[in-house]
Amino acid sequence: MIEPSTPDRLDDLLTGYFRPDVMPADLATRIARSARAVGADLGELGDRLAIQATPHGVSLIRTGRLEQPASAVARRLAERAREEIVEYLRGKRAFFSVPVDLSEAGAFQRRVLEAAREIPFGEARPYAWVAERIGNPHAVRAVGTALGRNPVPLIVPCHRVWRADGGLGGYLFGVALKRQLLALERSTPVLEGCASTRIVCRVGCVQGRHMNPENRVVFASVKDARSVGYRPCKVCRPSAAA
Amino acid sequence: MDSDRRVIERVAKGDEAAFAEVVGRYGGRLLAVAGRLLGSRADAEDAVQRALLQCFAGASSYRPRWAVSTWLYRILTNICVDELRRRSTRAAWDRALPPIAGSPDGQPGAYMDLHRALERVPREARVLLALRYVDGLSYGELARIRGISVNTVKSQLARGKSLLRAELADRGALT
């Protein structure tokens with residue numbers, strides 16, 4: 001493959017390297033089949049949720065019925081949480097901005113929940129990782145229990161904590177949903193730019209809500225977006241996220 | 001291109017034969033773009049499947065003022081770029097994770113140096129290089145796919161290629 005250096009040598013190399021691949025013959029059939037199979041409804045979970053809040057933040061999320069939040073401030077927070085959760089379950093949101101109130105949780109559980117919040121969107125960590133993180137590496141079982149009693153599931157992402165062997169572990173809303181949530185997060189991007197405003201936002205930012213789908217461009221980092229002429233949104237501050 | 005549009009109209013009506021036609025036309029090129037960006041055949045197939053699934057499910061939202069290829073490559077690069085983001089967060093968290101090594105599946109060794117050199121090229125430029133060389137897309141189409149200006153396309157490609165030249169020269173691979 002040794003050839004004299006010419007200005008076109010790089011072009012030749014690139015053309016060879018990027019030549020189209022051979023496609024598996026059954027790809028179209030497989031995709032059409034999985035398109036038909038899409039049905040498991042995460043949206044249905046959103047309809048079943050009851051949300052309790054204090055004036056400081058969302059304090060309890062469960063299926064079934066809960067008491068109405070007592071104050072207007074708390075009711076607004078609960079309503080905002082519902083909107084964010086619905087968007088999240090539709091793949092339109094990659095972060096929660098509504099505050100949580102974990103003051104009812106004990107000190108140990110609070111540390112566990114805070115550690116779970118550090119797991120990036122779309123990723124999973126083992127229970128032992130959380131135990132390490134809170135400086136209590138032998139408390140793996142207690143971590144599992146604390147997460148199992150997570151007062152604010154979805155917003156505090158206990159579904160991102162799995163067993164070290166890849167097993168699901170338990171989940172408040174059932175393990176099938178836990179798997180679905182991870183799949184949902186894997187297919188929801190985190191940063192999107194608007195090709196007409198050249199602003200990059202976190203997915204779910206109020207600025208991006210009315211973006212024409214044609215203008216939606218996903219970026220891997222704010223630095224990448226900047227490198228091609230986008231600037232970070234001042235509302236959702238994506239630099240803090242990625 | 002007009003026939004592309006007619007096929008997408010049929011896909012929008014749920015015509016699976018038309019969808020198979022789109023896959024036949026674009027599958028190999030989509031796989032090449034995803035494969036070179038993601039480095040593994042399995043991840044590339046997953047990305048292409050997800051892109052084509054979006055195409056199948058969302059054909060009704062296709063806007064005819066765009067070429068079908070622009071639309072498909074936008075969907076695919078959005079998916080690939082997000083996968084690259086996930087990998088970099090994962091790598092930052094788990095330093096023990098080995099960097100993605102080796103040539104992409106099926107690539108002969110001659111492209112090994114280029115593969116390594118491309119890893120040094122900033123992501124956005126790498127995406128543009130892949131689209132440019134897989135399909136020979138115009139600057140205008142590249143600009144529409146990535147939502148950037150034609151001038152940015154040109155400067156990114158030029159910068160990417162000059163980085164590649166320097167890297168490959170260091171490795172003696174351009175002589």
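For the protein sequence lines, the chains are A and B, in the order given.
So the first sequence is numbered by our numbering: it starts at 1 and just counts up by one.
So the second sequence is numbered by our numbering: it starts at 1 and just counts up by one.
Glycine included, each C-beta is placed from N, C-alpha and C at the ideal position.
Please compile the residues from chain A whose C-beta is within a distance smaller than 7 Å of the C-beta of residue i.
| i | result |
| --- | --- |
| B/Ile8 | Near B/Ile8 there are no residues of chain A at all, since even the closest Cβ is about 14 Å away, more than 7 Å. |
| B/Gly140 | What B/Gly140 touches in chain A: nothing, since even the nearest Cβ is about 13 Å away. |
| B/Tyr73 | Here the premise fails: no neighbours, minimum Cβ distance about 11 Å. |
| B/Val81 | Val218, Phe219 and Ala220 |
| B/Ala20 | Ala28 |
| B/Arg29 | Pro20 |
| B/Gly16 | Sequence inspection shows Glu at residue 16 of chain B; the Gly mentioned does not correspond to that position. Residues of chain A passing the Cβ test: Ala32. |
| B/Glu124 | Asp224, Ser227 and Val228 |
Grab the span of the alpha helix (DSSP H) containing residue i for me, first residue to last.
| i | result |
| --- | --- |
| A/Ile134 | It is not in any alpha helix (DSSP H) - A/Ile134 carries neither H nor E in the DSSP assignment. |
| B/Gly140 | Tyr139 to Arg146 |
| A/Thr15 | Arg9 to Tyr17 |
| B/Gly28 | Glu16 to Leu38 |
| B/Leu128 | Arg123 to Asp135 |
| B/Ala117 | Met112 to Glu119 |
Note down, in chain order, every chain B residue with its Cβ under 7 Å from the Cβ of residue i.
| i | result |
| --- | --- |
| A/Pro213 | Ser61 |
| A/Leu195 | The sequence as given places Ala at residue 195 of chain A; Leu does not occur at that position. Per Cβ cutoff of 7 Å: Gly147. |
| A/Arg9 | Leu174 |
| A/Thr15 | Tyr133 |
Could you give the DSSP three-state label for residue i: helix, strand or coil?
| i | result |
| --- | --- |
| A/Pro4 | Low local confidence applies: a pLDDT of 43 at A/Pro4 is under 50, so the model's placement there is unreliable, with the coordinate-based value given in what follows. Looking at A/Pro4 - three-state DSSP - the assignment turns out to be coil, as it is neither helix nor strand. |
| A/Ala142 | helix |
| A/Pro20 | coil |
| B/Trp66 | coil |
| A/Val156 | strand |
| A/Arg90 | coil |
| A/Arg149 | coil |
| A/Pro120 | coil |
| A/Arg231 | strand |
| A/Asn212 | coil |
| A/Lys223 | helix |
| B/Gln156 | helix |
| A/Tyr171 | coil |
| B/Asp43 | helix |
| B/Asp82 | helix |
| A/Ala107 | helix |
| B/Leu97 | Any reading at B/Leu97 needs caution, since the residue's pLDDT is 40, under 50, leaving its predicted position unreliable; the model's value is listed next. Looking at B/Leu97 - three-state DSSP - the assignment turns out to be coil, as it is neither helix nor strand. |
| B/Arg90 | helix |
| A/Gln68 | coil |
| B/Lys13 | coil |
| B/Leu149 | Sequence check: residue 149 of chain B is Ser here, not Leu. The answer is coil: DSSP assigns B/Ser149 none of H, G, I, E or B. |
| A/Ser239 | helix |
| B/Ser103 | Caution is warranted here: a pLDDT of 46 is assigned to B/Ser103, below 50, making its placement in the model unreliable, and the coordinate value is therefore given only provisionally. It is coil, neither helix nor strand. |
| B/Asp191 | There is simply no residue 191 of chain B to check, as chain B begins at 1 and stops at 175 in what is shown. |
| A/Ser187 | coil |
| A/Leu27 | helix |
| B/Ala173 | coil |
With DSSP as the reference, identify every bridge partner of residue i, one or two as the case may be.
| i | result |
| --- | --- |
| A/Cys201 | A/Glu192 |
| A/Thr54 | A/Gly57 |
| A/Thr63 | A/Leu49 |
| A/Trp162 | A/Pro126 |
| A/Val100 | A/Val58 |
I want to verify the contact list: residues of chain A whose CB lies under 8 Å from the CB of residue i, in sequence order.
| i | result |
| --- | --- |
| B/Leu37 | Ordered by position in chain A, no residue passes the 8 Å Cβ test against B/Leu37, which lies about 10 Å from the chain. |
| B/Ser32 | Per the sequence shown, residue 32 of chain B should be read as Ala rather than Ser. What B/Ala32 touches in chain A: Phe18, Arg19, Pro20 and Asp21. |
| B/Ser88 | Ala220 and Ser221 |
| B/Val23 | Met23, Leu27, Ala28 and Ile31 |
| B/Ala67 | By Cβ distance, chain A contributes nothing, its closest Cβ being about 13 Å from B/Ala67, past 8 Å. |
| B/Glu119 | Under the 8 Å cutoff, chain A gives no residues; its nearest Cβ is about 13 Å from B/Glu119. |
| B/Lys13 | Simply none; closest approach about 14 Å. |
So with CB distances below 8 Å, who are the chain B contacts of residue i?
| i | result |
| --- | --- |
| A/Ser34 | Gln49 and Leu53 |
| A/Leu77 | Residues of chain B passing the Cβ test: none, with the nearest at roughly 29 Å. |
Could you spell out where the beta strand (DSSP E) holding residue i opens and where it closes?
| i | result |
| --- | --- |
| A/Val218 | Arg216 to Val218 |
Closer than 8 Å: is that where the CB of residue i sits relative to any heavy atom of the ligand NAP?
| i | result |
| --- | --- |
| A/Pro238 | Annotation note on the ligand NAP: not contained in the displayed structure, which lists no ligands. |
Counting only Cβ pairs nearer than 9 Å, list the residues of chain A close to residue i.
| i | result |
| --- | --- |
| B/Lys154 | What B/Lys154 touches in chain A: nothing, since even the nearest Cβ is about 12 Å away. |
In chain order, what residues of the stretch 18–30 of chain A put their CB closer than 8 Å to some CB of chain B? Those residues of the stretch 18–30 of chain A that come within reach of chain B (Cβ to Cβ, closer than 8 Å) are Phe18, Arg19, Pro20, Asp21, Val22, Met23, Pro24, Leu27, Ala28, Thr29 and Arg30.
Between the stretch 216–230 of chain A and chain B, which residues of the former have a C-beta closer than 9 Å to a C-beta of the latter? Arg216, Val217, Val218, Phe219, Ala220, Ser221, Lys223, Asp224, Ala225, Ser227, Val228, Gly229 and Tyr230
Could you name the residues of the stretch 103–134 of chain A whose beta carbon sits closer than 8 Å to any beta carbon of chain B, in the order they occur along the chain? Pro120, Gly122 and Glu123
Residues of the stretch 178–191 of chain A with Cβ closer than 8 Å to any Cβ of chain B, in chain order: Arg186, Ser187, Pro189, Val190 and Leu191
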